[in-house]
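To start, the structure under review is shown below, and the notes come after it.
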Amino acid sequence: MLSGTVVVAASFAYLLLLFAVAWYGDRRAEQGRSIIANPWTYAMSLAVYCTAWTYFGSVGRAASGGVWFLPIYLGPTLAMSLSWLVLLKMIRISRTYRITSIADFIASRYGKSHLLGGLVTIIAVVGMVPYIALQLKAISSGYSVLTGSDDSGVFPFAASSWFNDGTLYVALTLALFTVLFGARHLDAAERHEGMVAAIAFESVVKLLAFLVIGGFVTWGVYEGFGDIFARAFANPELAPLLSLKTASSAGYGGWFALTLLAMLSVIFLPRQFQVTVVENVNEQHLRRAVWLFPGYLLLINIFVLPIALGGLLYFGRGTVDPDTFVLSLPLAHGERALALLAFIGGLSAATGMVIVETIAVSTMVCNDLVMPLLLSTERFKRSDHPDLTGLLLGIRRGAIVVVLLLGYLYFRLAGEAYALVSIGLISFAAVAQFAPAMLGGMYWRGGTREGAFAGLLAGFVVWAYTLMLPSVAKSGWLDRSFLDNGLFGLEYLQPEQLFGLAGLDSISHALFWSLTANIACYVLVSLARVPTGQEATQATLFVDVFSRGQDAPATFWRGSAQVQDLQPLVARFLGAERARRMFESYARERGLARIDELKPDAGLVQFAETQLAGAIGSASARVMVSSVVQEEPLGLDEVMDILDEASQVRAYSRELEEKSQALEEATAELRAANERLKELDRLKDDFMSSVTHELRTPLTSIRAFSEMLLDDPEIDLKDRMRFLGIIVSETERLTRLVNQVLDMAKIESGHAEWHNTDIDMRELVGHAVETTEQLFRDRGAVLELDLPDQAPHLRADHDRVLQVLLNLISNAAKFVPDDAGVARVRLSCEAGQLRVDVSDNGPGIAPGQLGVIFEKFRQGGDEHSRPQGTGLGLPISRQIVEHFGGRLWVQSRAGEGATFSFVLPLSPEAGDGPDHAMT
Amino acid sequence: MAKKILIADDEQNIVISLEFLMKREGYEVSVANDGDEAARRIRAEKPDLVLLDVMMPKKSGFEVCQEVKSNPELQSVRILMLTAKGRDTEVAKGLALGADAYMTKPFSTKELVERVRSMLAER
């Protein structure tokens, strides 16, 4: 056991640390260097979902129901996987319209109704106060377990008189903390950076503490997971806990109901709304939180079963309350420091929940209960209170203290009545009542104020009758007889078997009936009346929040206003200095230098109202704004007209967008086409330049020698003959060049004539070799021929194929070495094609040249060995071969000769192309 | 003393004609068949004038011209560029690189001889 002083000192030290974290968070926020503006902090703050109920209660639940504790965590995981659908929209709506609580959300959606906001607030208070009491009870009973008795120690918890009760001081300390960091100043966005930092910190602490205890039980007390589970299996009392079948008497229905309940809770619990939506800094953080938060839940649940089983194995059933296993197991093993750590973890879980829940609920109480009441008094409406910020803060703070004291009161009255887990689920079922009005409001335009009100009221009443009252009765403050016999003795009104529905656990039963009544009333009453203009406006703003710009709401207002009226109004609730800054920045955004230049148009009225809504709720803001401006209410028809117009404008702009996109695409295509043309132009220029060069070179020789011969009759006969020989050969070169250029141009332009016949390649190759043999003989070289016994006929242009063969063979003749030259021509049949290889033992082709020899006017060889070619033979040959659907390529290594090969398909696809001619 | 002329061209027939023309004028003639050889011979023989073809293997006439003109030892070498590419840009490029004169192929033998004579007389 630990002494009370140690526990209290440790607790206060921890709370001081929390103060420090929150203070640091606030200071950084003021300096503009937020520490919470990252997805990790955001995800950790979401883990405020795990309260003391998780921390202590899950173990208790597992000890009695095995894996039956899991739906509470499966629900949130499922809900997060749908977050892009629901949460993102909630965040966007709330940010756009400065919504700061669930009550405000619902009130604003259904025409800024005070009545709805009030009802939601009451449901939230009634639902949450027991939940807060539960956290206080957790701290109190944790303290008792740790110190070993109920009334020893410095601060006797749960003592007989309230002023001696340590729990009261815990509640007051938490109230102080919450006031300091939740209601220190007014913020139009109702955001509390320091508090969020502290909450994220607490989430880390409780997770670490739970993991440490889990690790201690699993590996310190026992020998790992396997050991614990094996022992539990061996124990006939515990074995059933490990099977899904007996884990829940409620069956699949129970699992479904509980999972659904947890799904709704993680979205609609006031504290979850606060951290998920109101405190959200950046929508992008949600993307990371979608897996971080479920990951957190997974971690904190890993050791639930081991601790529960370990405790049951160690203590046996019925001796120690399983809810306290987290504390009692370390204590029983003399690990007092560990037990203290476990207590701090539990304290973290409890305080985190209490702080956020209280802030959320107090915002609702202030904006949706107290403000409307104040505003309804005439005295208040008059502007004789120039600055109401102090009053507003006072109300907030008062609400915080009251909510916490209510929690304490409930704890004093009912503290011993139920196991921790039941209160949690009852609260969950209460907030589930918000779901139809919230979800319907975000996705259905038809919902009306009366519909939402009827649904909420019906759901709330059924919830109270089927869950709240029975639990009160079971605590002994009410006559139990109505539980068994039904109200007024009517059996079908039995609260836990309404209309004879039996076989469900009480939570599933209550959830089924309350949601059925809620949804039915919401839908039916909504359908009974066409939405008013105001409702239709808000419905459109909420449902279409993603497709509308921020300025859209302004179009739904008609009237006249004065800047001189609006600014003081905002100043009354937010302070003069802050209001001036807000209006100034609004003016700057519109490119105006001073506030005086602002036009008092619909946009400005909307701006002022939105700023006010953040501080006093949207319904109150509406009332206040309408008190200083002259406005004409819009009828439904007019709203519909505006909507039609807006949707037409949107359709036009979409059309315009599409057209401009099409135009852009067309421009891009034109640009690409232009680029291609330019490229072709450049190629043509290059070609012309090359042709010019190739023509001028022989012309140069011809002209030079001709002039020399003409000018100088003295040249001797030998030189004369030599020069004339050169002139003749250069003329031949010129002729060849002109022919080939024309040939090339014809093939390239598709004007060549192709006279296709069946050709016998054996005969053709033989003919080509005969024609060129003289060339080789002149150079003292050998030409070898390798023909197959027979080869199939081929349909192609005889002369063109011969042209290719002659080109390749004469190239070989030019390059073979003098006297030792060997060239070889080989014809072979391959699958579906004929192949010709022409190889020589010449100098070969350098690797860098392999690619370029097929380009026009690029010749192989160096200046000495370069033959008298035109540089067009190979490009033309390749064009011809490819025309018949074949390929022409070369293989060579420098110094080892070269092999030019081509294949022609036996059934050419291209050979009969459109440019083939008559035959 | 006879002036020295280097003929740098990769077309054998053009070399033959130029060699004949220059020798008939009484100049001392040597021949280079590519850009590398031309640069080498200019450095070694310091000719009075080079007939320099632009399109040569290994090193273009432009590069050879640039090399010569950036070498102070070769200040006295005149360069007459010959090209079969008749574009204005080619002429401009050659002159910008420091060529002393420029002629396009096919050239008039008389004009060429005149130009060589006048370039050698300038000094």
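Sequence lines, in order, name chains A and B.
Using my numbering, read the first sequence as starting at 3 and increasing by one per residue.
Using my numbering, read the second sequence as starting at 19 and increasing by one per residue.
From the three backbone atoms N, C-alpha and C, an ideal C-beta is built for every residue, glycine too.
Keep in mind it's a predicted model, so treat the numbers as computed, not measured.
- Taking all protein chains in view, the Cβ of P794/A is surrounded by fewer than 16 other Cβ atoms within 10 Å, so the residue is classified as exposed.
- Around the beta carbon of H753/A, fewer than 16 other beta carbons sit within 10 angstroms, so the residue counts as exposed.
- Shown in chain order are the members of the segment 717-739 of chain A whose Cβ falls below 7 Å from a Cβ of chain B: I728, E732.
- Counting every other CB atom within 10 Å of its CB across the protein chains shown gives G6/A a total of 16 or more, marking it as buried.
- Any Cβ of chain A closer than 7 Å to the Cβ of I97/B would place that residue at the interface, and such an atom is absent.
- Taking the Cα positions, S94/B is about 50 Å away from F902/A.
- Only M73, P75 from the segment 59-78 of chain B bring a Cβ to less than 7 Å from some Cβ of chain A.
- Taking the CA atoms as reference points, D801/A sits about 59 Å from E140/B.
- Proximity of chain B to A675/A at the Cβ level (cut-off 7 Å) is not reached, the minimal Cβ distance being about 28 Å.
- Put simply, the CB of S703/A is near chain B, with a gap under 7 Å to one of its CB atoms.
- For L80/A, the CB contacts under 8 Å within the same chain, skipping 5 residues up- and downstream, are T261, M265 in chain order.
- A581/A and A573/A do touch by the CB rule: their CB atoms are close to 4 Å apart, below 8 Å.
- Counting along the chain, K22/B sits inside the beta strand (DSSP E) bounded by residues 22-26.
- Judged by DSSP in its simplified three-state form, L84/A adopts coil rather than helix or strand.
- Secondary structure of P907/A (DSSP, three-state): strand.
- Under DSSP, T101/B shares a beta bridge with T122/B.
- In the DSSP assignment, A621/A falls within the alpha helix (DSSP H) that extends over 620-630.
- Distance from the CA of L371/A to the CA of I215/A, rounded to the nearest whole angstrom, comes to 43 Å.
- Proximity of the segment 396-416 of chain A to the segment 652-662 of chain A falls short of the contact definition, fewer than three beta-carbon pairs being nearer than 8 Å.
- For E37/B, the nearest beta carbon of chain A is not closer than 7 Å to its own beta carbon.
- Proximity of chain A to F80/B at the Cβ level (cut-off 8 Å) is not reached, the minimal Cβ distance being about 15 Å.
- If the five residues before and after E857/A are omitted, its C-beta is found closer than 8 Å to the C-beta atoms of P877, all from its own chain and listed in chain order.
- A straight line joining the alpha-carbon of A64/A with that of Y254/A spans about 18 Å.
- Using beta-carbon distances, T127/B counts as an interface residue toward chain A, with a partner under 7 Å.
- Listed along chain A, no residue sits closer than 8 Å to N89/B by beta-carbon distance, the nearest being about 24 Å off.
- By alpha-carbon distance to V464/A, the top candidate from Y298/A, W515/A, P438/A is W515/A.
- Non-local C-beta neighbours of Q536/A in its own chain, meaning closer than 6 Å and more than five positions away in sequence, comprise G113, ordered along the chain.
- The three-state secondary structure of V838/A, taken from DSSP, is strand.
- Counting only Cβ-Cβ distances below 7 Å, R698/A has contacts in chain B at A102, K123, P124, in chain order.
- Bridge pairing for E46/B: K22/B [DSSP].
- Rounded to whole angstroms, Q569/A and S629/A show a C-alpha spacing of 13 Å.
- As the crow flies, the alpha-carbon of S36/A is around 7 Å from that of G27/A.
- Burial of Y410/A is indicated by the presence of at least 16 other C-beta atoms within 10 angstroms of its C-beta.
- Take V363/A, set aside five residues on each side of it, and the residues of its chain with a beta-carbon closer than 7 Å to its own are A126, V127, M130, P272, V405, in chain order.
- Nearest C-alpha to L69/B among S35/B, A20/B, A114/B: S35/B.
- By the neighbour-count criterion, in which a residue is buried when 16 or more other Cβ atoms sit within 10 angstroms of its Cβ, L98/B is buried.
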